[in-house]
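Visitor: Residue numbers for the sequence shown follow the numbering used here, beginning at 2 and rising by one. No residue lacks a Cβ here, since even glycine has one placed at the ideal position from N, Cα and C. Starting off with a structure, shown below.
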Amino acid sequence: MSEYDPQALQAKWQQRWDEQDTYRASEDPADPRERRYMLDMFPYPSGDLHMGHAEAFGLGDVVARYWMQQGYNVLHPIGWDSFGLPAENAAIKRNAHPAEWTYANIETQANSFRRYALSFDWSRRLHTSDPDYYRWNQWLFVRFFERGLAYRKGGLVNWCPNDQTVLANEQVVAGKCERCGADVVRRELTQWYFKITDYAQRLLDDMAQLDGWPERLLTMQRNWIGRSEGADVLFEIEGREEPVHVYTTRPDTLFGATFFVVAVDAALADEIVTDDRREAFEAYRAEVAKLSDIERLSTDKEKTGVFLGRYAINPVNGERIPVWAADYVLSDYGHGAIMAVPAHDQRDLDFALKFGLPVKVVVHTGLADPGESGEATPGEGLLVNSGALDGLRKAEAIAKIIEILEAEGRGTGAVNFRLRDWLLSRQRYWGTPIPIIHCPDCGEVPVPDDQLPVTLPDLRGEALAPKGVSPLASATEWVNVECPKCSGPAKRDTDTMDTFVDSSWYFLRYCSPGYTEGPFDVEQVRKWGPIDQYVGGIEHAVLHLLYSRFFTKVLHDMGMVDFNEPFLRMLNQGQVINGGKAMSKSLGNGVDLGQQIDDFGVDAVRLTMVFAGPPEDDIDWADLSPAASQKFLARALRVMSDVTSAPGVPFAEGEVELRKVTHHTIDEVTKLLDSYRFNVAVARMMELTSATRRAIDSGPGAGDPAVREAAESLAIMLSLVAPYTAEEGWERLGRTGSVAFAGWPVAEADLLVQESVTCVVQVAGKVRDRLEVSPDISEESLRELALASERVAAYLTGTPRKVIVRAPKLVNIVP
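Written out as structure tokens, the structure is:
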């Protein structure tokens, strides 16, 4: 360890990389190298880097450096997702402007990223809170508006009472704000939306292209989009002229509908409630308003509701069924109303039993009568009590009833999606102003392109405090403008955009960050896109990734990109925890990344992160030892420093053992890296280090060319996880230029041939012999050899009960 000074290595090589701009991607059209685009999910500048950053960005850097070694022209950019509530809240607390906190934190993180030896192309750095970035958010919004994909409407929205802003459905987790954890309530507001539902089917269908994504992530997206097939059925409501549409996935059970339920907060409920039921209805609606959607949908919650004094007509049998308002139906599901079939839906059954409503079995499943057992029977069976559907099974009955409904004009086959349009208005300051002017005569008028960006007025401190409306509303000089169409008095829209708009296309801006003729240079995106590898947390499975896919499809339809999926491959990392729990100040188990780097060096921390386990698994820092990683790196550097042979000296004949180890390591590490098994790849590098050390100390010696080959291969492979140590070792080996571009070593096929393999023979689970056999030995031949062994025979008294053969490495004999 006396020779290994990580801080000195960091200072030396960081300066060298900065001076030489080592990792800048080439834009030279004559560069023959194939291009690859490696992207990390960009950070929010909430403070300095933490342990989670160390893992996520460390994993991405392994991929980027591996591609550089393989000879690709690699784009590996960095920027900051720099709008958002934390900066605004910090500004209120400090009586300052959000930009001060934001850009100070960005500089802190930028310095830490450089220290952490990440192979970023710093020339492409961007910040989403810069006007020359958010100008293009506004430009894209106007294009969406022109295409009918951005619109404004009133309705119930998710409201965070703590952050004093609306939230998209995707930002509500278990009934709470995903950012601050406050209970979300429902509130009536007029807001801006992106019409992502127009792309629901394409978002689902195009997943077939994403074979480089983890299946878990794809499942989460499929479930969120939530496609279902069924029927739209028309129910007449007595006293209402227009019929009500009801979507159901089980139209085969229509004959079992014994009552009708409307969401208590739906406009329909308020419209049809009779005068004598209004007082009870409004009292009930006020109580339900206090509940989150999660609470309302909970299967454990006792069912509540109120009769609206109206009756609906079942379209298949003409029966009058009572109309109720209840909390277990949501206003934004389907049309905000359902037909209730209590025999075959547990929530409907619970409601029916609570209020004494009829239960009618229409699917015979062989189970007990739900009205008596209290257990609904939602499964399949033969249709009964259903007229023309009697005797049919589910699929046949659904097809038949849709045919009947369509023939009679009482319904149609339909597809429904769980996905709802993206609510993007935010009632906060530190975000992109929505580029719309509201004119009393002209209506909603987009800000002309030549007037973009609409920049934020200078508000700070208490002026930013949440008031239930955007702080921008108080900036009267900014708000009051002329209408671009009629020049009459008008007002700017005072909401800002959801920050997920910023991150839905930032990866395209990296291809030409200084471009001024549009959000990105279309030709540059065609050269670099789509992203070959994306690295980030599974927590973005729905929010960011779904929105980015939507934006890409819209841009594809606009002719601005020639691909319709932005990310070809995804790698999700786990969490870094401590002592079995997530790190937090309240638990006192936080680990300071800067302190770990000060104590052990960047390379030791990076190596520890990568070696801890598969990327997708959680890492418990309490179980790891950066000190051990530091000792290994010291050994590896000594191996590279001790080589005395000159480059290019021919290999000695007969000395092939170390060369075999080297080339087997190259072959294995290459395959392991291609399958994201980075931790096992590091283990193989450690084994090569030990083998090379033995060759120096007791084998052919430090002057043998095979030792140089092993040490140089080690330096190149180690550069992916410990770049400072690898650069120093490469230089001590007498090589010039950065080790990052030395070229990935290629395993020689002749040195990969195994002349023999050691086969372990077990009797009753204990090792009794080891046999040297051919790697190609058959199971039958290996079985005969094992049973013929004298050592094995000594533990057998007759014919064994079972012989398990796993050629060529294992035979397990059960006496």
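Here's the rule I'm using: 16 or more other beta-carbon atoms within 10 Å means buried, otherwise exposed. How should L753 be labelled?
Guide: Position 752 of the sequence shown, counted from the first residue, corresponds to residue 753. Classification for L753: exposed.
Visitor: Any idea what DSSP makes of W479, helix, strand or coil?
Guide: As a working note, residue 479 is residue 478 in the sequence shown. W479: helix per DSSP, three-state reduction.
Visitor: Compare the beta carbon distance of R286 and D266 with 8 Å and say whether it is the shorter of the two.
Guide: For the purposes of this step, residue 286 is taken as residue 285 along the sequence shown, with counting starting at 1. For the purposes of this step, residue 266 is taken as residue 265 along the sequence shown, with counting starting at 1. For R286 and D266, yes; Cβs fall inside 8 Å.
Visitor: Beta-carbon separation of F282 and V274 under 8 Å?
Guide: By 1-based counting over the sequence shown, the position of residue 282 is 281. By 1-based counting over the sequence shown, the position of residue 274 is 273. A contact, by the Cβ cut-off of 8 Å.
Visitor: Hey, is the stretch 666-685 in contact with the stretch 58-69, meaning 3+ C-beta pairs nearer than 8 Å?
Guide: yes
Visitor: Would you tell me roughly how many angstroms separate the C-alpha atoms of Q8 and T663, rounded to the nearest one?
Guide: Reading the sequence shown from its first residue, position 7 is the one you call residue 8. Reading the sequence shown from its first residue, position 662 is the one you call residue 663. Q8 and T663: Cα-Cα distance of roughly 30 Å.
Visitor: Compute the Euclidean distance between the alpha carbons of F742 and T23, then round it to the nearest angstrom.
Guide: Reading the sequence shown from its first residue, position 741 is the one you call residue 742. Reading the sequence shown from its first residue, position 22 is the one you call residue 23. Their backbone Cα atoms lie some 9 Å apart in a straight line.
Visitor: What's the gap between the Cα of V804 and the Cα of V774?
Guide: Counted from its first residue, the sequence shown places residue 804 at position 803. Counted from its first residue, the sequence shown places residue 774 at position 773. Distance between the alpha carbons of V804 and V774: 18 Å.
Visitor: Quick one: what's W325 bridged to in DSSP?
Guide: Here residue 325 refers to the residue found at position 324 of the sequence shown. V262, F308, per the DSSP bridge assignment.
Visitor: Would A637 and G735 qualify as a contact pair, given that the criterion is a beta-carbon distance under 8 Å?
Guide: As a position in the sequence shown, residue 637 is number 636, starting the count at 1. As a position in the sequence shown, residue 735 is number 734, starting the count at 1. Against a cut-off of 8 Å, the Cβ pair of G735 and A637 comes out as no contact.
Visitor: Mark E397 as exposed unless 16 or more other C-beta atoms lie within 10 angstroms of its C-beta, in which case mark it buried.
Guide: Taking the sequence shown and counting its residues from 1, one reaches residue 397 at position 396. Looking at its Cβ environment, which holds fewer than 16 other Cβ atoms inside 10 Å, E397 is exposed.
Visitor: Kindly identify the DSSP beta-bridge partner or partners of P490.
Guide: Sequence index remark: in the sequence shown, residue 490 carries index 489 (1-based). The partner list for P490 (beta bridge, DSSP) reads E483.
Visitor: State the beta-bridge partners of W160 as determined by DSSP.
Guide: Against the sequence shown, residue 160 aligns to sequence position 159. The beta-bridge partner set that DSSP reports for W160 consists of V167, V186.
Visitor: For the beta strand (DSSP E) containing R639, name the first residue and the last one.
Guide: Numbered from 1 along the sequence shown, position 638 holds the residue referred to as residue 639. Segment 627-643 is the alpha helix (DSSP H) holding R639; no beta strand (DSSP E) there.
Visitor: Here's the rule: buried if 16 or more other CB atoms are within 10 angstroms of the residue's CB, otherwise exposed. What is M2?
Guide: Sequence index remark: in the sequence shown, residue 2 carries index 1 (1-based). Its pLDDT being 45, under 50, M2 is placed unreliably by the model, and nothing is read from it.
Visitor: Are D496 and S549 close, meaning C-beta to C-beta below 8 Å?
Guide: Along the sequence shown, one-based indexing puts residue 496 at 495. Along the sequence shown, one-based indexing puts residue 549 at 548. No, Cβ-Cβ distance for D496 and S549 is not below 8 Å.
Visitor: Give me the Cα-Cα distance between T609 and G156, rounded to the nearest whole angstrom.
Guide: The sequence position of residue 609 within the sequence shown is 608, counting from 1. The sequence position of residue 156 within the sequence shown is 155, counting from 1. About 51 Å.
Visitor: Using alpha carbons as the reference points, say which of T249, R311, W479 lies closest to V330.
Guide: Position 329 of the sequence shown holds residue 330. When each option's Cα is compared against that of V330, the closest is T249.
Visitor: Residues in the same chain with beta-carbon distance under 6 Å from A169, minus the five sequence neighbours each way, listed in chain order, please.
Guide: In the sequence shown, the residue the question calls residue 169 occupies position 168. Cβ neighbours of A169 beyond the five flanking positions: W423, L424.
Visitor: Whole angstroms is fine: what's the gap from D770's alpha carbon to Q755's?
Guide: Start at 1 with the first residue of the sequence shown, and residue 770 comes out as number 769. Start at 1 with the first residue of the sequence shown, and residue 755 comes out as number 754. Taking the straight line joining both Cα atoms gives about 20 Å.
Visitor: The alpha helix (DSSP H) spanning P706 covers which residue range?
Guide: Position 705 of the sequence shown, counted from the start, is the residue given in the question as residue 706. Residue range 706-719 is occupied by the alpha helix (DSSP H) that includes P706.
Visitor: In three-state DSSP terms, what is M498?
Guide: By 1-based counting over the sequence shown, the position of residue 498 is 497. Note: M498 maps to strand in three-state DSSP.
Visitor: Go to P447, then tell me how far its beta strand (DSSP E) extends in each direction, as first and last residue.
Guide: For the purposes of this step, residue 447 is taken as the residue at position 446 of the sequence shown. It spans 444-447 - the beta strand (DSSP E) in which P447 sits, taken as one unbroken run.
Visitor: Quick check: the stretch 625-642 against the stretch 88-106, are at least 3 beta-carbon pairs closer than 8 Å?
Guide: no
Visitor: So, helix, strand or coil for G319, using DSSP?
Guide: Translated into positions along the sequence shown, residue 319 becomes position 318. Three-state result, G319: coil.
Visitor: Let me check one thing: in DSSP terms, what residues is L811 bridge-paired to?
Guide: Position 810 of the sequence shown, counting from 1, holds the residue named residue 811. Beta-bridge pairing links L811 to V761, R807.
Visitor: Give the C-beta separation of D233 and A415 to the nearest angstrom, bearing in mind that I take them to be a contact with Cβ-Cβ under 8 Å.
Guide: Taking the first residue of the sequence shown as position 1, residue 233 is located at position 232. Taking the first residue of the sequence shown as position 1, residue 415 is located at position 414. Indeed they touch by this definition, with Cβ atoms about 4 Å apart.
Visitor: Just checking my contact of A290 with R187 at CB under 8 Å: how many whole Å lie between their CB atoms?
Guide: As a working note, residue 290 is residue 289 in the sequence shown. As a working note, residue 187 is residue 186 in the sequence shown. Right, the Cβ-Cβ distance comes to about 6 Å (below 8 Å), so this counts as a contact.
Visitor: Please classify T378: does DSSP put it in a helix, a strand, or coil?
Guide: Here residue 378 corresponds to residue number 377 of the sequence shown, with the count starting at 1. Of the three classes helix, strand and coil, the one that applies to T378 here is coil, per DSSP.
Visitor: Tell me, please, which residues DSSP counts as bridged to V416.
Guide: Translated into positions along the sequence shown, residue 416 becomes position 415. Looking at the DSSP assignment, V416 forms a beta bridge with E230.
Visitor: Per DSSP, E729 forms a beta bridge with which residues?
Guide: The residue you call residue 729 lines up with position 728 of the sequence shown. None, per the DSSP bridge assignment.
Visitor: Helix or strand or just coil, what does DSSP make of K177?
Guide: Within the sequence shown, the letter at position 176 stands for residue 177. Residue state, collapsed to three classes: strand.
Visitor: Which of helix, strand or coil does DSSP assign to M2?
Guide: Translated into the one-based positions of the sequence shown, residue 2 becomes position 1. A caution first: M2 carries a pLDDT of 45, below 50, which makes its placement in the model unreliable, though a value can still be read off. In this structure, M2 counts as coil in the three-state DSSP scheme.
Visitor: Let me know the secondary structure DSSP gives G538 once reduced to three states.
Guide: Working through the sequence shown from its first residue, we reach residue 538 at position 537. It is a strand residue.
Visitor: By the 10 Å Cβ neighbour count, where 16 or more other Cβ atoms means buried, how is A628 classified, buried or exposed?
Guide: Position 627 of the sequence shown, counted from the first residue, corresponds to residue 628. Per the 10 Å Cβ criterion, exposed.
Visitor: What does V768 pair with, by DSSP beta-bridge criteria?
Guide: On the sequence shown, position 767 is the one that residue 768 refers to. In DSSP, V768 forms a bridge with Q763.
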